[in-house]
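In what follows, a structure is listed as structure tokens, so that the remarks can point back to it.
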Amino acid sequence: MSRYTSDEGIVLKTSEFGEIDRIVTLFTRKRGKFQAIAKGARKVGNRFGASLDLFSFSEFLFYTASGMPLIVQGKIQKLFRDLLRTPLRWMAGEYLLCVLDRVFPFERREEELLDEVLMLWEIFLRHEEAVLPLLVRFRLDVARALGVFPELRECVRCRKKITGTPCFFSIASGGVVCDSCSREAQRLFPLSLRELEVLQALVDTPLGYGVKSSQEDRKAFEVLDVLVAQYLSYQGERKIPDFSSFLGRELSW
Ligand SMILES: [Zn+2]
């Protein structure tokens, strides 16, 4: 049975296929992450225009017969091209795609994460100072969607409330552990009380323009960046770099 379907979404990545085609990894509203073929997408003046470009949000028409769907048509709904104007925005915008590409499973519909990417792109255009906190938050939201949101208040092993230092985050146990339980827990990541408080506050704040980091918290977010990257790599079973390392890379598009 063959059929046409339409869906809207973003491009996580594309790779060359055959002489003139591309395989496109998409993240869409109805279907989540999947791959489709864009025939002739590498020809100059092809019918897809900018709909397959980085930072495009587009409506696509697919044709499915057997195997991978074909992208028949792409129509841009919104283009966040100004993210390309500064390296920090660009890399922050692209980092969201990298996380979904690496750790999110195929064929799992997750509309909220799609909307979150669009919202974060919008925020990155105006608030560069919020990039790092929001990237920490995004990865926690991805962990939530994967069903592995970490415990941040009580010791994940004995359920005692964490009140002082030393405190640790156990990447293997999925949350904070108290000093006495830390001896048996695996893959420990030490946290200062301030870092833990910053993390708790970040999770409690509704996602939006309110999330900013003061200069003092900046150090805490640099630590949390490393922590959530390690946590999501462990839980998602595929390595993602922390954002600081990602920033140091070459621009890939
Ligand atoms: Zn404990």
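When we follow our numbering, the leftmost residue of the sequence shown carries the number 3, and every step to the right adds one.
Ideal Cβ placement from N, Cα and C applies to all residues, glycine included.
Here the structure is a predicted model, which means the values were calculated and not measured.
Candidates the options: closest to residue i by CA position
i, options, result
"Leu120", "Lys241, Phe245 and Ile12", "Ile12"
"Arg161", "Ala174, Phe248, Ser182 and Ala145", "Ser182"
"Leu136", "Trp123, Arg111 and Gln237", "Trp123"
"Leu256", "Ala187, Gly177 and Ser184", "The requested residue 256 is not part of the displayed model; the chain covers only 3 to 255."
"Ala203", "Lys35, Ser184, Leu226 and Phe245", "Leu226"
"Ala67", "Arg5, Ala52, Thr167 and Pro208", "Arg5"
"Phe36", "Pro71, Thr165, Leu63 and Lys241", "Pro71"
"Arg128", "Thr167, Arg87, Pro208 and Phe106", "Arg87"
"Leu193", "Leu90, Leu154 and Glu218", "Leu154"
Which of helix, strand or coil DSSP assigns to residue i
i, result
"Val101", "helix"
"Trp255", "Any reading at Trp255 needs caution, since the residue's pLDDT is 46, under 50, leaving its predicted position unreliable; the model's value is listed next. Three-state result, Trp255: coil."
"Ser235", "helix"
"Glu130", "helix"
"Glu21", "coil"
"Gly149", "coil"
"Gly176", "coil"
"Phe50", "coil"
"Gln188", "coil"
"Asp181", "coil"
"Gly42", "coil"
"Val119", "helix"
Short Cβ contact (8 Å threshold) for residue i with residue j
i, j, result
"Ile73", "Ser58", "no"
"Arg31", "Asp9", "yes"
"Tyr236", "Ile173", "yes"
"Val101", "Val144", "yes"
"Trp92", "Leu85", "yes"
"Arg49", "Asp23", "no"
"Arg139", "Leu209", "yes"
"Phe19", "Ala38", "no"
"Phe62", "Gly95", "no"
Nearest-angstrom Cα separation, counted from residue j out to residue i
i, j, result
"Val150", "Arg141", "11 Å"
"Ser175", "Pro152", "9 Å"
"Phe29", "Glu114", "11 Å"
"Gln75", "Glu112", "23 Å"
"Gly250", "Leu134", "14 Å"
"Arg83", "Gln232", "30 Å"
"Ile25", "Ala40", "6 Å"
"Ala52", "Arg196", "44 Å"
"Val200", "Cys157", "17 Å"
"Ser60", "Thr16", "15 Å"
"Gly69", "Glu130", "42 Å"
Own chain, CB closer than 6 Å to residue i, minus 5 neighbours either side, in chain order
i, result
"Leu81", "Ser58"
Close Cβ partners of residue i (< 7 Å) along its chain, the five nearest in sequence each way excluded
i, result
"Ala222", "Arg196, Glu197 and Val200"
Neighbourhood of residue i by C-beta distance below 8 Å, restricted to the same chain and skipping five residues each side
i, result
"Phe106", "Phe29, Gly34, Lys35, Glu112, Leu115, Val144, Ala147, Leu148 and Gly238"
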